[in-house]
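Visitor: Mind looking over this structure? Questions follow.
2 protein chains.
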Amino acid sequence: MFNFDLSGKNKYYNLYCAIRGEILKGRIKPGERLPSKRALAEELGVSVVTVQLAYEQLLAEGYISSRERSGYFVEDITAYSAHATQPSTFAYPTPPVESFKIDFVKGSTPASLFPFATWARLIRGVLADCGEHLLERVPCDGDFELKSAISAYLYRARGIIVDPKYVIIGAGAEHLYGVIVQLLGRENIFAVENPGYGKISSTYLLNGAKILPISVKEAGICLNEVEKSPATVVHISPSHQFPTGAVMPASARSRLISWARAGNRYVIEDDYDSEFRLVGKPLQCAFSLCPEKVIYMNTFSKSLAPSMRMGYTVLPPKLYEKYLQIFESSANIVPLFEQKALAAMLNGGYFERHLSRLKNHYRGVRGLLLEKLQNVCNVKDTGSGLHIIAEFPKAENDEEIKQKAAAEGIKLKCLSDYLIAPASGYEKCAVINYSGVTREQLLNV
Amino acid sequence: MFNFDLSGKNKYYNLYCAIRGEILKGRIKPGERLPSKRALAEELGVSVVTVQLAYEQLLAEGYISSRERSGYFVEDITAYSAHATQPSTFAYPTPPVESFKIDFVKGSTPASLFPFATWARLIRGVLADCGEHLLERVPCDGDFELKSAISAYLYRARGIIVDPKYVIIGAGAEHLYGVIVQLLGRENIFAVENPGYGKISSTYLLNGAKILPISVKEAGICLNEVEKSPATVVHISPSHQFPTGAVMPASARSRLISWARAGNRYVIEDDYDSEFRLVGKPLQCAFSLCPEKVIYMNTFSKSLAPSMRMGYTVLPPKLYEKYLQIFESSANIVPLFEQKALAAMLNGGYFERHLSRLKNHYRGVRGLLLEKLQNVCNVKDTGSGLHIIAEFPKAENDEEIKQKAAAEGIKLKCLSDYLIAPASGYEKCAVINYSGVTREQLLNV
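Now the structure itself:
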C-alpha cells in the first residue's frame, strides 16, 4: 500500500507526514482502513513503535480515527480541514547542505563510535531500577550518585581527590560559564586566552561580565600580562589550549596559583580535551595544586555526544557554600534520567572503555593526518587534544591558506580567526581540528 | 546470603553500598564467590539490572573481579585499600526529615498520578525509533518535532496560532528568565508583580537585570504604577497570579499591550498554572492580542514532574531573529531524548489525558479543602490554579496564623511572605498551595 522513503532520521515523523500527505491529496479516501501497525511496520521495515507513534499523531490531529478491534480509519477531512489548517501549514525546516569534503572547523565525535547499544541498555536499566524516583526533584548541585561517580572518575583519570559534595552538575560548558559568573559576581574581570575558544568570552559577555583578552604564548596564557592586569579571575585551558595547542608547564601553573592566592582571585581550569592526550600520560591539573583557588571544570559533550549537554565543575568549599545559598531552592538543570544513565556509564566502566576506543580511532586519524601534512607545512603537535597547528610560512596570508584549502574541498580556519582582540604573532597558521574527521575522508583528499 | 533493606530509592546504589560494607567488614572473605546476578535478584526481589549495576560498580572500584563463566569473586582488599580509601570515605547525604503533616508551601504534583508506565514506554519507543540520531546536536531553539508538538498543543489548549519556528525550548522557567534577560539586554528595567513568585525577581537579579516591584490588585498588576514607572519590560502571570490569585481581565491586558506598543517595550506572559483552571474555560492569553509585543512562556514542571526541567517560550519574530544571532552556534540545553519523549507524549494525546486526570484529582482536593475552610476563614478562590487565599480577619497578625497552623502540623506561608518589596494591604491572608496535598492528608487534619 505504502512506498515511502524512511531512511532519514525522525522516522515516525516522516511516516506521519507521508500518510498525512496521501490523505490530503485524496489518495487514501475517507473511511478507508489503514493497514495494521504490525503489517505496515513489516512492509516498511521499521519498528511497530514507529508506526504507532505516526498513527498516534494522525489520531491526535484528527486525520484518522480508531475503532476498537477494527483498526484505524481515515476521517473525512473536508469537514475537518477548518481545524487542521493551523498545525499543518508549517514546514519542517531542511538543514543546509555542506559542500565541503572535509571539515576541520566544526568537528564532533563520530556517532558511529558511541556505544549506543550500551547506552540504550543503561537507559532501560535506569528506567527499571529507579522507576518513579526518576520524577523526583534533583538537588540544585545534581544527583549525588552522579557526583560520586564523577569524583571516582576524576580520581582514576586525573588523580584528583575530590569530595563528591563539591561537584556541581551542569548542562554543558556554556551553562557552567554562566553559573560561574553568577557565583563570582559580574563585577569581576575575567582574563581569557587570546586567541581562544570564542564561546568562552562571548558567554561571559552575554552574562554581563567584563573580559580581558590576554595573549597566549608557548607556555599558555602570558603570566606577565595577567600579573600587570586588573583581572580578578583567569580562565585557562592548561592541558591543551584551543586553538594554539599550548600546554602550560607546571611552573607556570604554580605561578598562576600564587597570583590567585595574593588576592580575592580565582583560576578557572577548563580541562577541555584533557581526555584526549594521545601520547604519554595526562598532565597534573592546576586544581590539585590549590583546590581553594581553582574552579575545575569539564564536559562530556566532546567525549560522549554533542546532544548530551552535560558537564561539571568542582568548586572550592567556600564557593560551594555560596552556590548553595544562591541556588538551594532551584532544581538542578539536567534531567535526573540523564544523570543516572551517565552515573551508570561511569561506574560500569563503559565511559572509559568508550574513551579508549575513541583514542584509538583518533590515533589512527592523527597518524594519517601527520603523514599527509608532512611535506606541506610545519606541524606543531603537542600530542594532546584533537587539533594541531599547521604553519604555512610561504603563504601570502591567512586568506590564501583558507582559499587554497577550500578549493580542495577542505574547510578550515586559521589561528587569527580565533582572536578575540587584535594581536600579532598568530599569522599563517591553520587550525586542524580533526575531531569530526575519519580516516576515509582523509584518504579521499 | 544477603539480607538488605532495599526499599528506598537508588536501589542499586544501596545494594552496592551494602555489599561493599560486608566486604570491608570482612564478613565476605577474599576469594569468596558472590551469588549469580539472577539468584541474588530473586532473593532480594529486585530486577537483575539492579544487581548488575551494583556488581559493575563494585567491579569498577576493584572490590570484586569477574572470571569468565565462573562469576564474581571478592578481591583481597588489604592489598587494594590504599587505592580504595579515596572514593569510599564520602558519605551519601541523608535528606532532612520534615515534621509537618501537611505542606501548603512547597507542593509538587503527586508522582503517583504521573503516567510513569506510558512515559517509560515512550522512552523505549524513542530509543527504538530515533536510534543514533539521538546523539545529534540539537539546534539552539530546540528539536523541531517538539516545537511543532507544542505549537499544535497551544492551538488545542489555548487557541493560539503559533508558527513552531518561534517556539524556543528551554530547561524550565528559571533558565528561560535568564535567556530573556540575555535577549532583551540587562539594561532593561523589569517590572515584576509584588507580592510574587520570588524566583522571578531573584533570577532577574542574578542575571544582572534591574527589577521594579509593582503592587498587585484584584485585576492583577497595577497598571497606573506601570505606566508611571521607568519599566521597559513587564512580567505578568495573568491567568492566575501567584500568590494573590488575581486574574487579569481582558481590558487590563489590552491596556498593558497599548503601553508596550507605545515604546520599545515588552510584556512577558508567564502562563503559569493556566492548565489548572478547574472551573470554566481557560482565559484568552495576552499573547494572542499582540504577538509582536508579548513573550509567551510556560513550563512542564508543574504539569509533568519537577525533575523534568522543561519549558518553552514563544518569541515575537524580531526577537526570534535576535535569538538566532546570539545562540546560533550553541546547542539547545535540553537533551534531545527528553525532547523527543515529550513530543511523543504531546502528539499521542497522553499529556492532555494526564492533565485531565490531574485536574480531576485537584477538583477533589479543592472541594474537600473549601469544605474544611468554610467556617474557619474567608476564602478567595477564583477557580484557577492550584492555590487559594484564606483570609483570617480576626487573627492578630501573620505570625499568629502560621504558628497556629504549625501547631496543628500544617506548614503554610502568608501573602506578606511573598512580598519582594515592603507593601501594605496584604495582611492576614494565608496562601494555601494544595498542589502537593492529597485528600487523605486533608482528612487527617
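Residue numbers (the numbering used here), protein chains in the order written: chain A, 33 to 477; chain B, 33 to 477. Yeah, the Cβ is synthetic: ideal placement off N, Cα and C, and Gly gets one too.
1. Spell out whether any CB of chain A is found under 7 Å from the CB atom of residue 365 of chain B.
2. Rank A:271, A:375, A:297, A:324 by C-alpha distance to the C-alpha of residue 176 of chain A and give the top, closest one.
3. Apart from the five residues just before and just after residue 440 of chain B, which ones in its own chain have a Cβ nearer than 7 Å to its Cβ?
4. Is residue 63 of chain B helix, strand or coil when you go by DSSP?
5. Applying the criterion that 16 or more other CB atoms from any shown protein chain within 10 Å of the CB defines a buried residue, is residue 161 of chain B buried or exposed?
6. Report all residues from its chain with a CB closer than 7 Å to the CB of residue 70 of chain B; omit the five preceding and five following residues, and keep chain order.
7. Return the CA-CA distance between residue 143 of chain B and residue 82 of chain A, expressed in angstroms with no decimal places.
8. Any idea if residue 301 of chain A is buried or exposed, counting beta-carbon neighbours within 10 angstroms, 16 or more meaning buried?
9. Buried or exposed, going by whether 16 or more other CB atoms sit within 10 Å of the CB of residue 430 of chain A?
10. Do we get a CB-CB distance below 7 Å when we pair residue 211 of chain A with the residues of chain B?
11. Of the residues B:84, B:163, B:145, B:147, which one's Cα is nearest the Cα of residue 148 of chain A?
12. Could you compute how far the alpha carbon of residue 198 of chain A sits from the alpha carbon of residue 328 of chain A?
13. Looking only at its chain, what residues have a beta carbon closer than 7 Å to the beta carbon of residue 216 of chain A, apart from the 5 residues adjacent to it on each side?
14. Between A:141, A:44, A:397, A:436, which lies nearest to residue 420 of chain A when the distance is taken from Cα to Cα?
15. Can you find a C-beta in chain B that's less than 7 Å from the C-beta of residue 344 of chain A?
16. DSSP three-state call for residue 105 of chain B: helix, strand or coil?
17. Please check the pair residue 306 of chain B and residue 271 of chain B, which I expect to be a contact at CB under 8 Å, by giving their CB distance rounded to whole angstroms.
18. When the Cα of residue 355 of chain B is compared with those of B:138, B:172, B:422, B:183, which residue comes out closest?
19. By a C-beta neighbour count over all protein chains shown, 10 Å radius and 16 as the cutoff for buried, is residue 379 of chain A buried or exposed?
20. Return the residues of the region 165-196 of chain B that lie within a Cβ-Cβ distance of less than 7 Å from chain A, sorted by chain order.
21. Considering only their Cβ atoms, is the gap separating residue 208 of chain A from residue 343 of chain A smaller than 7 Å?
22. At a CB distance below 8 Å, what residues from the region 246-263 of chain A approach chain B? Give them in sequence order.
23. Please check if any C-beta of chain A sits within less than 7 Å of the C-beta of residue 468 of chain B.
24. Looking only at C-alpha atoms, which of A:364, A:257, A:471, A:351 sits nearest to residue 245 of chain A?
25. Mind checking residue 467 of chain A: buried by the 16 CB within 10 Å criterion, or exposed?
26. Go through its chain and collect everything with a Cβ distance to residue 331 of chain B's Cβ below 6 Å, but skip five positions before and after it.
27. Would you report the Cα separation of residue 67 of chain B and residue 182 of chain A, rounded to the nearest angstrom?
28. Output yes or no for whether 7 Å exceeds the beta carbon distance between residue 473 of chain B and residue 134 of chain B.
29. Any beta carbon of chain A sitting closer than 7 Å to that of residue 560 of chain B?
30. Suppose contacts are defined by Cβ-Cβ distances below 7 Å. Is residue 170 of chain A in contact with residue 339 of chain B by that definition?
31. Anyone know if the C-beta pair for residue 223 of chain B and residue 263 of chain B falls short of 7 Å?
32. Which bits of chain B does residue 156 of chain A rub up against, with CB to CB less than 8 Å?
33. From the beta carbon of residue 410 of chain A, is the nearest beta carbon of chain B less than 7 Å away?
34. What separation, rounded to the nearest whole angstrom, lies between the Cα atoms of residue 132 of chain A and residue 442 of chain A?
35. In angstroms, rounded to a whole number, what distance separates the CA positions of residue 99 of chain A and residue 417 of chain B?
36. Let me check one thing: in DSSP terms, what residues is residue 167 of chain A bridge-paired to?
Guide: In short, the structure shows the following:
1. At least one chain A Cβ lies under 7 Å of residue 365 of chain B.
2. The shortest C-alpha separation from residue 176 of chain A is found at A:375.
3. Closer than 7 Å at Cβ, skipping near neighbours: 477.
4. DSSP, reduced to helix, strand and coil, places residue 63 of chain B outside both helices and strands of the structure shown, so it counts as coil.
5. Classification of residue 161 of chain B: buried, given that the 10 Å Cβ count is 16 or more.
6. If we look at residue 70 of chain B and ignore the five residues flanking it on each side, its Cβ neighbours are 80.
7. Computed Cα separation, rounded: 28 Å.
8. A residue is called buried when at least 16 other Cβ atoms come within 10 angstroms of its Cβ; residue 301 of chain A meets this threshold and is buried.
9. Taking a 10 Å sphere around the C-beta of residue 430 of chain A, we find 16 or more other C-beta atoms and assign the residue as buried.
10. It does not: the Cβ of residue 211 of chain A has no partner Cβ on chain B nearer than 7 Å.
11. Among B:84, B:163, B:145, B:147, the Cα nearest to that of residue 148 of chain A is on B:163.
12. Answer to the nearest angstrom: the Cα atoms are 10 Å apart.
13. If you ignore the 5 residues before and after residue 216 of chain A, its C-beta comes within less than 7 Å of the C-beta of 265, 298, all in its own chain and listed in chain order.
14. Cα-wise, what sits closest to residue 420 of chain A is A:397.
15. Chain B, which has no Cβ nearer than 7 Å to the Cβ of residue 344 of chain A, makes this no.
16. If DSSP states are grouped into helix, strand and coil, residue 105 of chain B belongs with the strands.
17. Confirmed, about 4 Å.
18. B:172 is the residue among B:138, B:172, B:422, B:183 whose C-alpha sits nearest the C-alpha of residue 355 of chain B.
19. Answer is buried; the Cβ neighbour count reaches 16.
20. Within the region 165-196 of chain B, those residues whose Cβ lies closer than 7 Å to any Cβ of chain A are, in chain order, 165, 166, 167, 168, 169, 170, 176, 177, 180, 183, 184, 187, 193, 195, 196.
21. The Cβ-Cβ distance between residue 343 of chain A and residue 208 of chain A falls below 7 Å.
22. Residues of the region 246-263 of chain A with a C-beta less than 8 Å from any C-beta of chain B: none at all.
23. Not a single CB atom of chain A sits nearer than 7 Å to the CB of residue 468 of chain B.
24. Measuring from the Cα of residue 245 of chain A, the nearest candidate turns out to be A:257.
25. Burial state of residue 467 of chain A is buried, judged by a 10 Å Cβ sphere holding 16 or more other Cβ atoms.
26. So the qualifying residues of the chain are 204, 205, 343.
27. Each residue's Cα considered, the two are about 28 Å apart.
28. The Cβ atoms of residue 473 of chain B and residue 134 of chain B sit closer than 7 Å to each other.
29. In this structure chain B extends from 33 to 477, so residue 560 of chain B is not present and cannot be described.
30. Yes, Cβ-Cβ distance for residue 170 of chain A and residue 339 of chain B is below 7 Å.
31. Yes.
32. Simply 81, 156, 159.
33. No, because no Cβ of chain B sits closer than 7 Å to the Cβ of residue 410 of chain A.
34. The straight-line gap from Cα to Cα measures roughly 6 Å.
35. Distance between the alpha carbons of residue 99 of chain A and residue 417 of chain B is about 35 Å.
36. Checking the DSSP bridge columns, you'll see residue 167 of chain A has no partner listed.
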